[in-house]
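>
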Amino acid sequence: MASISDRNYPYKPPVFTDEDRLDKLKNTLPDLKELFQQEFSGNHFPGLIYGLIVDGQLFCSESFGYTNLEENLPATTKSLFRIASMTKSITAMAIVKLRDDGKLRLDDPVDKYIPELFTNELTNDGPIITIRHLLIQDTGMPEDDQWGDQQLALPDEDFLKLLKNGISLSNPPGTIWEYTNLAYAMLGRIITVVSEKPYQNYIKQEILDPLGMTHTIWDYSDAPSELLVCGYRWECDSYSKETPLHHGSFGAMGGLISSIDDFSKYVAYHLQAWPARNEPEYGPLRRSSLREMHHPWNFIELKTFPHRSCLVTSAYCYGLVWSMDQDGVISVSHSGGLPGFGCNWIMLPEYGIGLLSLANSTYADLEHINTTIIDKLVRLADLKPRKLPISKILAERKEQVIQVILNNNWNIHDSELLAIFADNFFNNSSLERRKAVSRELLDQIGKVVEIEELTPKNQLSGVFHLKGENGSIRILLCLSPESSPLVQELELTMIKQS
1 MASISDRNYP YKPPVFTDED RLDKLKNTLP DLKELFQQEF SGNHFPGLIY GLIVDGQLFC
61 SESFGYTNLE ENLPATTKSL FRIASMTKSI TAMAIVKLRD DGKLRLDDPV DKYIPELFTN
121 ELTNDGPIIT IRHLLIQDTG MPEDDQWGDQ QLALPDEDFL KLLKNGISLS NPPGTIWEYT
181 NLAYAMLGRI ITVVSEKPYQ NYIKQEILDP LGMTHTIWDY SDAPSELLVC GYRWECDSYS
241 KETPLHHGSF GAMGGLISSI DDFSKYVAYH LQAWPARNEP EYGPLRRSSL REMHHPWNFI
301 ELKTFPHRSC LVTSAYCYGL VWSMDQDGVI SVSHSGGLPG FGCNWIMLPE YGIGLLSLAN
361 STYADLEHIN TTIIDKLVRL ADLKPRKLPI SKILAERKEQ VIQVILNNNW NIHDSELLAI
421 FADNFFNNSS LERRKAVSRE LLDQIGKVVE IEELTPKNQL SGVFHLKGEN GSIRILLCLS
481 PESSPLVQEL ELTMIKQS
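The sequence shown runs 1 to 498 under UniProt numbering.
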């Protein structure tokens, strides 16, 4: 196989073309603070802190209220909050690392590593539950948020007894998404068995420490008292302090404790996976494995985004949620909630930004808050996604096609003409037909006054316009997958002046 440097047409990744992008973001920071201030004031949060991550760095952070109401301790970027189910993608990352290291396969049966597991099957035609089913929440096990949170400190021996006694299913495995904490507790057990060390130790050594997340911990008893955030519940017009939960066998689903400083490094690590490119790698996983974690594997729902009536479709990834709105904006995110805490992180890979927020209020709905605010941020700063440069071969073929169309040179005996078209081209539409359509459209638009820049869809296809005095021709250009790509499709459409 030829190396990248041997290619005639090397890949060019998408890039930001707005030179004022960072200045625009800086100008929106007062608005960002005001938006979070409103949410803090309107939701009875004892304390709230957020961080904006841009291009691999914590761009800004602000805090409101207190992490300890009794001692009036303000939140800082080092304050240690329960991050609850935001732990799940870290557990998933550990599983993917074990896969990449050849220690397991995602399609291995779960009972290969947890022989104690017994499920009460609903049908006789269901699949064997695999590690992949656990990752993408496709196990058939029921939604278990309220029950699962209270299992956080369950000892290993009691967890294995629970599995051996039998797990009831709500749906046949592999048929529908349903959010289950139990699945991620099982992943923690698999990490322990395969790595031959407690999952907590493996994740610390292989994920957290390499990312510089050295202050992220599993149990609140290990936190410095001045940094540990106290959790509260707002009830009957007053705050009550929640009893902190230790972690045990269920910690892999939601046991980690982290800060804005530490977790922003994790968000930045996910952001740097995009776009695919030819640069050195760093961290626990290859960029391709991170992008695999972001892939929409299991459909969740299609819903309306409340604050601007926008349709959004979502799917579960590996411990993450992928969403796309009707404008094509893609986000990757996950929330967390436990008694005394609520949190969320969200990133827009094509925009290079992420938003992280943590609150010490029981099941604080920061998913809605973050999603709404990052959407407003993009609009306030007039941010644009990365733009894909035109590949060398696509630019070449565009110029050659223009000469053919403008000169109406459809001479099938012209060797130079034949050299740019794939074998299928004149079979799909006859020479005479292509010649007539080209001539007719040129006559309709009149004198050509501008040839617009091609907008690439990818490395081998794109669209551009020939603008005339009376209209324009939209030209779709698609190249073949041959080593020297040729024109396989050329679609000309008249666009009348409005």
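All C-beta atoms in this analysis are idealised placements derived from N, C-alpha and C, irrespective of residue type, glycine included.
Check whether the Cβ atoms of Asn181 and Asp145 lie closer than 8 Å to each other.
Against a cut-off of 8 Å, the Cβ pair of Asp145 and Asn181 comes out as a contact.
> If you scan the stretch 381-460 from start to end, which runs of the alpha helix (DSSP H) of 4 or more residues do you find wholly inside it?
For the stretch 381-460, whole alpha helix (DSSP H) runs of length 4 or above, ordered along the chain, are 392-406, 415-418, 425-428, 431-445.
> Excluding the five sequence neighbours on either side, which residues of its own chain have a C-beta within less than 8 Å of the C-beta of Tyr202, listed in chain order?
Contacts found: Ala94, Ile191, Thr192, Ser195.
> I'd like to know if the stretch 287-295 and the stretch 358-370 are in contact, where contact means that at least 3 CB-CB pairs between them fall below 8 Å.
No, they do not touch.
> Quick one, are the C-beta atoms of Trp345 and Ser333 less than 8 Å apart?
In contact: Trp345 and Ser333 (Cβ atoms closer than 8 Å).
> Give the DSSP bridge partners of Asn120, in chain order.
Answer is Ser168, bridged to Asn120.
> Please check the pair Pro244 and Val15, which I expect to be a contact at CB under 8 Å, by giving their CB distance rounded to whole angstroms.
Not quite, the Cβ-Cβ distance comes to about 46 Å (not below 8 Å), so this is no contact.
> Report the partner residues of Lys303 according to the DSSP bridge assignment.
Partner(s): Val312.
> Are the beta-carbon atoms of Leu32 and Ser357 separated by less than 8 Å?
Their beta carbons are not under 8 Å apart, which means Leu32 does not touch Ser357 by this criterion.
> With distances taken from CA atoms, which of Leu25, Gly140, Asp100, Asp222 is nearest Thr119?
Comparing Cα-Cα distances from Thr119 to each of Leu25, Gly140, Asp100, Asp222, the minimum goes to Gly140.
> Taking buried to mean at least 16 other C-beta atoms within 10 Å of its own C-beta, is Lys164 buried or exposed?
Counting Cβ neighbours within 10 Å, Lys164 comes out exposed, since fewer than 16 surround it.
> Which term fits Ala276, buried or exposed, when burial requires 16 or more other beta carbons within 10 angstroms of its beta carbon?
Exposed, by the Cβ-count rule.
> Check for me: the alpha helix (DSSP H) holding Trp322 runs from which residue to which?
No alpha helix (DSSP H) holds Trp322; the beta strand (DSSP E) holding it covers 321-325.
> Rounding to the nearest angstrom, what Cα-Cα distance links Ser225 and Glu281 in this structure?
Cα-Cα distance, rounded: 37 Å.
> When the distance is taken between beta carbons, is Tyr11 closer than 8 Å to Gln444?
No; because the gap between Cβ atoms is not below 8 Å, this pair is not in contact.
> Can you check whether the C-beta of Ala75 is within less than 8 Å of a C-beta belonging to chain C?
Of the chains in the structure shown, none is chain C; there is only one protein chain.
> Give me, in chain order, the residues of the same chain whose beta-carbon lies closer than 8 Å to that of Glu482; leave out the 5 immediate sequence neighbours on both sides.
If we look at Glu482 and ignore the five residues flanking it on each side, its Cβ neighbours are Ala422.
> Quick check on the DSSP output: the beta strand (DSSP E) that includes Tyr184 runs from which residue to which?
No beta strand (DSSP E) holds Tyr184; the alpha helix (DSSP H) holding it covers 181-195.
> State the DSSP-derived secondary structure class of Trp234, mapped to helix, strand or coil.
Trp234 falls in the strand class under three-state DSSP.
> On the three-state DSSP scale, how would you describe Ala268?
Note: Ala268 maps to helix in three-state DSSP.
> Thinking C-alpha only, which one of Phe64, Thr372, Pro385, Val437 is nearest Val404?
Cα-wise, what sits closest to Val404 is Val437.
> Beta carbon of Ala315, beta carbon of Trp297: below 8 Å?
Result yes, Cβ atoms of Ala315 and Trp297 sit closer than 8 Å.
> So, under 8 Å CB-CB, Ile53 and Gly319 are touching, yes? Tell me the CB distance rounded to an integer number of Å.
Actually they do not touch by this definition, with Cβ atoms about 18 Å apart.
> May I ask you to report which of helix, strand or coil DSSP gives Asp6?
Note that Asp6 scores 44 on pLDDT, short of 50, meaning its location in the model is unreliable; the coordinates nonetheless yield the value given after this. The answer is helix: DSSP assigns Asp6 an H, G or I state.
> Between which residues of its own chain and Asn370 is the CB-CB distance below 6 Å, once the five residues before and five after are set aside?
So the qualifying residues of the chain are Asn344, Ile346, Leu355, Ser357.
> Throw me the rounded Cβ distance for the Gly283 and Asp55 pair, which I believe falls under 8 Å.
About 16 Å separates the two Cβ atoms, so there is no contact after all.
> Could you work out which residue in Asn27, Phe36, Asp125 is closest to Ala381 when comparing CA atoms only?
Nearest option by C-alpha distance: Asn27.
> Taking its Cβ as the centre, do 16 or more other Cβ atoms sit within 10 Å of Ser3, making it buried, or is it exposed?
Residue placement at Ser3 cannot be trusted, given a pLDDT of 46 that sits under 50; the coordinates are not used to answer.
> Just the C-alpha distance for Ser63 and Pro46, rounded to the nearest angstrom, thanks.
Going from the Cα of Ser63 to the Cα of Pro46 covers about 11 Å.
> By Cβ distance, which residues of its chain are closer than 8 Å to Gly65, with the 5 residues on each side in sequence left out?
Excluding sequence neighbours, Gly65 sits near Phe40, Phe45, Pro46, Gly47, Leu48, Pro74, Ala75.
> Between Ile83 and Trp177, is the Cβ-Cβ spacing less than 8 Å?
Going by C-beta atoms, Ile83 is not nearer than 8 Å to Trp177.
> Within this structure, are the beta carbons of Leu134 and Val110 separated by less than 8 Å?
Taking 8 Å as the Cβ cut-off, Leu134 and Val110 qualify as a contacting pair.
> Between which residues of its own chain and Glu491 is the CB-CB distance below 6 Å, once the five residues before and five after are set aside?
Within the same chain, Glu491 has close Cβ partners Leu476.
> Quick one: which unbroken alpha helix (DSSP H) runs of 4-plus residues sit fully inside the stretch 326-385? Chain order, please.
Those alpha helix (DSSP H) runs which fall completely within the stretch 326-385 and span 4+ residues are 366-380.
> With Tyr50 as the anchor, note down where its beta strand (DSSP E) starts and where it stops.
Unbroken beta strand (DSSP E) run through Tyr50: 47-54.
> Tell me whether Trp218 is buried or exposed, calling it buried when 16 or more other Cβ atoms sit within 10 Å of its Cβ.
The residue in question, Trp218, is buried, as its Cβ has 16 or more Cβ neighbours within 10 Å.
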